[in-house]
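K.L.:
Provided herewith is a single structure, encoded as structure tokens, for subsequent inquiry.
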Amino acid sequence: RGEITLGDFADRLGIGSSELIKKLFLKGQMLTINSPISFELAEELAVDYDALVEEEEEIELDFGDKFALEITDKPEDLIERAPVITIMGHVDHGKTSLLDAIRTTSVASGEAGGITQKIGAYQIDKAGKKITFVDTPGHEAFTDMRARGAQVTDIAILVVAADDGVMPQTIEALSHAKAANVPIIVAINKIDKPEANPMRVKQELMEHGLVSVEWGGDTEFVEVSAKARMNLDTLLDTILITSEILELKANPKKRAKGIVLESRLDPKVGPIADVLIQEGTLRIGEVIVAGESMGKVRALVNDLGTKVQSATVSQPIEIIGFNDVPSAGDTFYVIQNEQHAKRIVEEMAKERKIAEVSRKSISLETLSQQMD
Ligand code: GDP
Ligand code: MG
143 RGEITLGDFA
153 DRLGIGSSEL
163 IKKLFLKGQM
173 LTINSPISFE
183 LAEELAVDYD
193 ALVEEEEEIE
203 LDFGDKFALE
213 ITDKPEDLIE
223 RAPVITIMGH
233 VDHGKTSLLD
243 AIRTTSVASG
253 EAGGITQKIG
263 AYQIDKAGKK
273 ITFVDTPGHE
283 AFTDMRARGA
293 QVTDIAILVV
303 AADDGVMPQT
313 IEALSHAKAA
323 NVPIIVAINK
333 IDKPEANPMR
343 VKQELMEHGL
353 VSVEWGGDTE
363 FVEVSAKARM
373 NLDTLLDTIL
383 ITSEILELKA
393 NPKKRAKGIV
403 LESRLDPKVG
413 PIADVLIQEG
423 TLRIGEVIVA
433 GESMGKVRAL
443 VNDLGTKVQS
453 ATVSQPIEII
463 GFNDVPSAGD
473 TFYVIQNEQH
483 AKRIVEEMAK
493 ERKIAEVSRK
503 SISLETLSQQ
513 MD
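First residue of the sequence shown? That's 143 in the UniProt record's numbering, and the numbers climb one at a time after it.
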């Protein structure tokens, strides 16, 4: 019998995990986002959300009769998926340069036109394996997404300039990566500079608990230069080795689910959402929901600016077709039909309003307590 965490269960229901935590708290149960939810409890909760939890050989969650999502994937449906990498570090230590260097090295010259596109996230091919890179959506967005139970990153690359060493934002990035519980690979950048001192970076990071493999620890350090394009291959190989250990799997057969990385309103085509697909396969014509916005996929544009018919797990893709602009950090789902999508969006709007009100009343309460 598969178990599911509260965070995952809330996702399946299409509600916020804080909403579910609050609900359980009112029922007298103190649970966190990582607490396992028993089948019995899932069943009880599902009733309140008009969902149906079924236990066959797999546990199936059926939202109405239209929102069928498996809780447990059949093992034979799981395939290896590309790791999703976030590059973090202090300002000016070379995050953008490194992302650009990796991309230009990996993208064939015939596709070079794609490079001039705004990079939110992209996927490369290394020795037949795909790797997805996400431009850190700012530390705040990163923590916010995590607070909402969304984990975007599988591996964090911590960039530290060899001439500058560990700086305040290096430590901040490190603590975010630690809190997200993802493996960290350190990229010591700018080793082309004469004043580069990689040894100092290793010593400084050791004081923060990151001990390099050569010093008997378990953190991979790779010395690179984004500018001189040194050791980028080694960095990519290290990413692949690290991700192999993680055994990342996903089911491409089910309906797509993912996370909105960025969004904007284009005056010509309307709302555009850059998303990362985390489960299933997304296709043109499918009905989608994200936060309080819904729509129908009109076009999918990949990271090279090419229109495609479908997109699959770990792939960053631009969706055109939302009626409103969803927010970064929103989870998106494919829903079976528009009526049902409408209902979910209405529910979501209601829940968010309730959450807003209770947040306000809580802060008023604490305020009056402080004044007592
Ligand atoms: P970010 O703020 O972390 O995204 O840093 P950027 O990628 O914008 O780089 C900051 C500055 O460092 C730019 O002037 C880059 O040209 C320079 N830079 C980045 N990587 C290297 C490198 O490997 N070697 C040298 N010498 N300069 C670099
Ligand atoms: Mg930058």
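Heads up, the beta-carbon is just placed ideally off N, CA and C, and yes, glycines get one too.
Note that the structure is a prediction, hence the values are computed from the model and not measured.
If you reduce the DSSP assignment to three classes, tell me which class Met-436 lands in.
P.N.:
Taking the first residue of the sequence shown as position 1, residue 436 is located at position 294. Met-436: strand per DSSP, three-state reduction.
K.L.:
Does the segment 292 to 311 touch the segment 426 to 435, meaning 3 or more C-beta pairs lie closer than 8 angstroms?
P.N.:
Flag = no, the segment 426 to 435 and the segment 292 to 311 do not touch.
K.L.:
Can Ala-415 and Ser-405 be called in contact, C-beta distance under 8 angstroms?
P.N.:
The residue you call residue 415 lines up with position 273 of the sequence shown. The residue you call residue 405 lines up with position 263 of the sequence shown. For Ala-415 and Ser-405, yes; Cβs fall inside 8 angstroms.
K.L.:
Please classify Arg-143: is it buried, with 16 or more other beta-carbons within 10 angstroms of its beta-carbon, or exposed?
P.N.:
Here residue 143 is taken as the residue at index 1 of the sequence shown, counted from 1. Interpretation of Arg-143 is limited by its pLDDT of 46, a score under 50 that renders its predicted location unreliable; the figure taken from the coordinates is listed afterwards. The residue is exposed, with fewer than 16 neighbouring Cβ atoms inside 10 Å.
K.L.:
Have a look at Phe-464, Gly-463, Arg-223 and flag the residue whose alpha-carbon is nearest the alpha-carbon of Gln-265.
P.N.:
Along the sequence shown, read from residue 1 onward, the residue named residue 265 stands at position 123. Considering only alpha carbons, the answer is Arg-223.
K.L.:
For the ligand GDP, any of its heavy atoms closer than 7 angstroms to the Cβ of Gly-231?
P.N.:
Your numbering for residue 231 matches position 89 in the sequence shown. Within the cutoff, so yes.
K.L.:
So, under 8 angstroms CB-CB, Ile-381 and Ile-273 are touching, yes? Tell me the CB distance rounded to an integer number of Å.
P.N.:
Here residue 381 is taken as the residue at index 239 of the sequence shown, counted from 1. Here residue 273 is taken as the residue at index 131 of the sequence shown, counted from 1. With 8 angstroms as the limit, Ile-381 and Ile-273 qualify as a contact, their Cβ atoms being about 6 angstroms apart.
K.L.:
Would you kindly work out how many angstroms separate the C-alpha atoms of Leu-352 and Thr-361, rounded to a whole number?
P.N.:
What you label residue 352 is simply residue 210 of the sequence shown in a count that begins at 1. What you label residue 361 is simply residue 219 of the sequence shown in a count that begins at 1. If I take the Cα positions, the gap works out to 6 angstroms.
K.L.:
Whole angstroms is fine: what's the gap from Gly-243's alpha carbon to Val-328's?
P.N.:
Counting from 1 along the sequence shown, the entry for residue 243 is found at position 101. Counting from 1 along the sequence shown, the entry for residue 328 is found at position 186. It should be noted that the sequence gives Ala, not Gly, for residue 243. Each residue's Cα considered, the two are about 17 angstroms apart.
K.L.:
Pick out whichever of Ile-426, Ile-461, Asn-444, Pro-458 has its Cα sitting closest to the Cα of Gln-451.
P.N.:
As a position in the sequence shown, residue 451 is number 309, starting the count at 1. If we check each option's Cα against that of Gln-451, Ile-426 comes out closest.
K.L.:
Within the continuous beta strand (DSSP E) that includes Pro-458, where are the two ends?
P.N.:
The residue given as residue 458 occupies position 316 in the sequence shown. Per DSSP, Pro-458 belongs to the beta strand (DSSP E) from 458 to 464.
K.L.:
Answer yes or no: do Ala-303 and Asn-331 have a C-beta to C-beta separation smaller than 8 angstroms?
P.N.:
Within the sequence shown, numbered from 1, the residue matching residue 303 stands at position 161. Within the sequence shown, numbered from 1, the residue matching residue 331 stands at position 189. Yes. Within cutoff.
K.L.:
Within 10 angstroms of its Cβ, does Phe-474 collect 16 or more other Cβ (buried), or is it exposed?
P.N.:
By 1-based counting over the sequence shown, the position of residue 474 is 332. Buried: at least 16 other Cβ atoms inside 10 Å.
K.L.:
Since Gly-170 is in the beta strand (DSSP E), which residue starts that stretch and which ends it?
P.N.:
By 1-based counting over the sequence shown, the position of residue 170 is 28. That residue, Gly-170, is in no beta strand (DSSP E); it is neither H nor E in DSSP.
K.L.:
Determine, using beta carbons only, whether Val-443 and Gly-463 come nearer to each other than 8 angstroms.
P.N.:
Position 301 of the sequence shown holds residue 443. Position 321 of the sequence shown holds residue 463. Their beta carbons are not under 8 angstroms apart, which means Val-443 does not touch Gly-463 by this criterion.
K.L.:
Taking only runs that begin and end inside the segment 335 to 386, name each unbroken alpha helix (DSSP H) of 4 or more residues, in chain order.
P.N.:
Fully enclosed alpha helix (DSSP H) runs of 4 or longer: 340 to 348.
K.L.:
Just how far apart, CA to CA, sit Glu-199 and Lys-395?
P.N.:
For this step, residue 199 is matched to residue 57 along the sequence shown. For this step, residue 395 is matched to residue 253 along the sequence shown. Confidence at Glu-199 is low in this model, with a pLDDT of 35, below 50, so its placement is unreliable and no value can be given for it.
K.L.:
Indicate, with yes or no, if the ligand MG has a heavy atom lying under 7 angstroms from the CB of Thr-228.
P.N.:
Here residue 228 refers to the residue found at position 86 when the sequence shown is read from its first residue. Because no heavy atom of the ligand MG lies under 7 angstroms away, the Cβ of Thr-228 does not count as near it: no.
K.L.:
Check the C-beta distance from Ile-401 over to Leu-418 and give it rounded, since I have them as a contact under 8 angstroms.
P.N.:
Taking the sequence shown and counting its residues from 1, the one referred to as residue 401 is at position 259. Taking the sequence shown and counting its residues from 1, the one referred to as residue 418 is at position 276. Indeed, because the Cβ distance is near 5 angstroms, the residues count as touching under 8 angstroms.
K.L.:
For Asn-393, which residues in the same chain have their Cβ closer than 6 angstroms to its Cβ, ignoring the five residues on either side in sequence?
P.N.:
The residue labelled residue 393 in the question sits at position 251 within the sequence shown. Answer for Asn-393: Asp-215, Asp-219, Leu-220, listed in chain order.
K.L.:
In angstroms with no decimal places, state the Cα-to-Cα distance between Thr-384 and Thr-238.
P.N.:
For the purposes of this step, residue 384 is taken as residue 242 along the sequence shown, with counting starting at 1. For the purposes of this step, residue 238 is taken as residue 96 along the sequence shown, with counting starting at 1. Distance between the alpha carbons of Thr-384 and Thr-238 is about 22 angstroms.
K.L.:
Alpha carbons only, please: which of Arg-494, Val-276, Val-411, Asp-445 is nearest the one belonging to Asp-466?
P.N.:
The residue given as residue 466 occupies position 324 in the sequence shown. Ranking the options by Cα distance to Asp-466, first place goes to Val-411.
K.L.:
Starting from Lys-268 and walking both ways along the alpha helix (DSSP H), at which residues does that stretch end?
P.N.:
Within the sequence shown, numbered from 1, the residue matching residue 268 stands at position 126. No alpha helix (DSSP H) holds Lys-268; the beta strand (DSSP E) holding it covers 263 to 268.
K.L.:
Tell me where the alpha helix (DSSP H) around Lys-320 begins and ends.
P.N.:
The residue labelled residue 320 in the question sits at position 178 within the sequence shown. In the DSSP assignment, Lys-320 falls within the alpha helix (DSSP H) that extends over 310 to 321.
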